[in-house]
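Numbering (the working numbering), first residue to last: 1463 to 1773. Below is one structure, written out as structure tokens; comments come after it.
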Ligand code: CP
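What follows is the structure in structure tokens.
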């Protein structure tokens, strides 16, 4: 996190900063269901720009909900229907929004590093909502929040991240965050999607190409979507589900209490069987979504407080 409390990635964010956001998000969790915001202090209402140049359901709607729950107002801009479709650059788009007096920007784009460009072009606090294959830090934080709520301390816990790691910004944010909190990370998938070199991305990572060999060692399993929009489909064999999917039969071999996560959207019958995704004793997928709102409230509060006292 930069001194202005922009959140461009989890890489480089220290344990104290991550823990502070997770703790604040826990305190804000009742507000997701409409309870008054805890310790709101005196708020100055802000206008937050949500610039979503790539498609989104969970991230965009939960940022928008978070803005409303904090008592602020969102301005939402999508790729389709905006002048981005006429070729206007991300930098120019952001500069124009800043000229309208917006207080902070949330940015999703296909360009890795796009949120940093926006930060430099506008001077506003910027939250990265997913940039290319780079990072998706609020997804990483909501995953940490969900894991912490189930497992307690993540120190020494063994977390499997399974699937299309190569193309996943979710995986990148998670491995930085998990590593910083002391977890052991096992990246699992076919060599085409989980090459050995990914073990060098952060401390405490090992790579495996055999899911069944490592499953019984897991404290939690995070499944990833095949990123077909980033060409991952070509790298996936026909027997992917059999080798790396969380089938009903495979889930039954997991020790009791080992939770399964997925950032969504899920390719049902590929990464997760219906019976696994819809099993409330195993699947934390909807708890991840719920915690996404409180995490985004905590991140926006921090960004806006640094921008001028409007938390
Ligand atoms: N997890 C996630 O980023 O989902 P969306 O693409 O729907 O926002």
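Here a beta-carbon is modelled for each residue, glycine too, at the ideal position from N, C-alpha and C.
Of the residues the options, the one placed nearest residue i, counting alpha carbons only
| i | options | result |
| --- | --- | --- |
| residue 1532 | 1702, 1762 and 1569 | 1762 |
| residue 1491 | 1769, 1767 and 1760 | 1760 |
| residue 1522 | 1496, 1660, 1619 and 1567 | 1567 |
| residue 1538 | 1767, 1563 and 1512 | 1512 |
| residue 1471 | 1718, 1493, 1595 and 1550 | 1595 |
| residue 1619 | 1680, 1765 and 1555 | 1680 |
| residue 1489 | 1718, 1753, 1672 and 1767 | 1753 |
| residue 1685 | 1623, 1486 and 1507 | 1623 |
| residue 1700 | 1724, 1466, 1718 and 1733 | 1733 |
| residue 1750 | 1740, 1741, 1730 and 1724 | 1724 |
| residue 1742 | 1720, 1528, 1729 and 1614 | 1720 |
| residue 1439 | 1670, 1608 and 1602 | The first residue shown for the chain is 1463 and the last is 1773, placing residue 1439 beyond what the model contains. |
| residue 1729 | 1740, 1710, 1687 and 1766 | 1687 |
| residue 1673 | 1588, 1745 and 1625 | 1625 |
| residue 1590 | 1731, 1515, 1682 and 1477 | 1515 |
| residue 1644 | 1466, 1468 and 1480 | 1480 |
| residue 1807 | 1627, 1540, 1648 and 1603 | What is shown of the chain runs 1463 to 1773, which leaves residue 1807 out entirely. |
| residue 1657 | 1671, 1474, 1665 and 1614 | 1671 |
| residue 1474 | 1735, 1712 and 1665 | 1665 |
| residue 1477 | 1744, 1703 and 1617 | 1617 |
| residue 1525 | 1548, 1604 and 1731 | 1604 |
| residue 1744 | 1710, 1755, 1768 and 1756 | 1710 |
| residue 1660 | 1634, 1601 and 1706 | 1634 |
| residue 1419 | 1601, 1621, 1614 and 1702 | With the chain represented from 1463 up to 1773, any question about residue 1419 goes unanswered, as that position is not in the structure. |
Rounded C-alpha distance that separates residue i from residue j
| i | j | result |
| --- | --- | --- |
| residue 1597 | residue 1636 | 9 Å |
| residue 1758 | residue 1561 | 24 Å |
| residue 1579 | residue 1553 | 7 Å |
| residue 1612 | residue 1726 | 19 Å |
| residue 1565 | residue 1495 | 25 Å |
| residue 1834 | residue 1493 | The displayed coordinates of the chain run from 1463 to 1773. Any statement about residue 1834 would go beyond what the structure contains. |
| residue 1714 | residue 1651 | 19 Å |
| residue 1585 | residue 1738 | 45 Å |
| residue 1646 | residue 1558 | 44 Å |
| residue 1668 | residue 1630 | 17 Å |
| residue 1543 | residue 1593 | 20 Å |
| residue 1588 | residue 1581 | 6 Å |
| residue 1662 | residue 1498 | 44 Å |
| residue 1690 | residue 1649 | 19 Å |
| residue 1682 | residue 1766 | 34 Å |
| residue 1569 | residue 1747 | 23 Å |
| residue 1527 | residue 1535 | 10 Å |
| residue 1627 | residue 1654 | 10 Å |
| residue 1468 | residue 1483 | 13 Å |
| residue 1464 | residue 1500 | At residue 1464, the pLDDT of 42 sits below 50, so the modelled position is not reliable; the number obtained from the coordinates is stated separately. Each residue's alpha carbon lies about 25 Å from the other. |
| residue 1551 | residue 1632 | 25 Å |
| residue 1583 | residue 1555 | 10 Å |
| residue 1736 | residue 1717 | 19 Å |
| residue 1772 | residue 1708 | The predicted model places residue 1772 with a pLDDT of 48, which falls under 50 and marks its position as unreliable; any figure quoted below should be read in that light. Taking the straight line joining both Cα atoms gives about 44 Å. |
| residue 1466 | residue 1769 | 7 Å |
| residue 1574 | residue 1606 | 23 Å |
Cβ-heavy atom distance, residue i to the ligand CP, below 7 Å
| i | result |
| --- | --- |
| residue 1573 | no |
| residue 1727 | yes |
| residue 1544 | no |
| residue 1522 | yes |
| residue 1519 | yes |
| residue 1592 | yes |
| residue 1598 | yes |
| residue 1601 | yes |
Contact with chain D by residue i, beta-carbon distance below 8 Å
| i | result |
| --- | --- |
| residue 1510 | In the structure shown, chain D does not exist; there is a single protein chain. |
Item to check | Start-end ranges of the alpha helix (DSSP H) lying completely within the region 1519-1603, minimum 4 residues | outcome: Taken in chain order, the unbroken stretches of alpha helix (DSSP H) that lie wholly in the region 1519-1603 and span 4 residues or more are 1520-1531, 1552-1561 and 1576-1584.
Checklist entry - Taking the runs of the alpha helix (DSSP H) that are 4 residues or longer, which of them lie wholly in the region 1597-1666? => result 1599-1613 and 1631-1642
Checklist entry - At which residue ranges does the region 1731-1770 contain complete alpha helix (DSSP H) runs of 4 or more residues, listed in the order of the chain? => result 1736-1739 and 1747-1770
Checklist entry - How do the region 1638-1657 and the region 1505-1520 stand: do at least 3 beta-carbon pairs fall below 8 Å, yes or no? => result No, the region 1638-1657 does not touch the region 1505-1520.
Checklist entry - In chain order, which continuous runs of the beta strand (DSSP E) of length 3 or greater are located wholly inside the region 1476-1512? => result none
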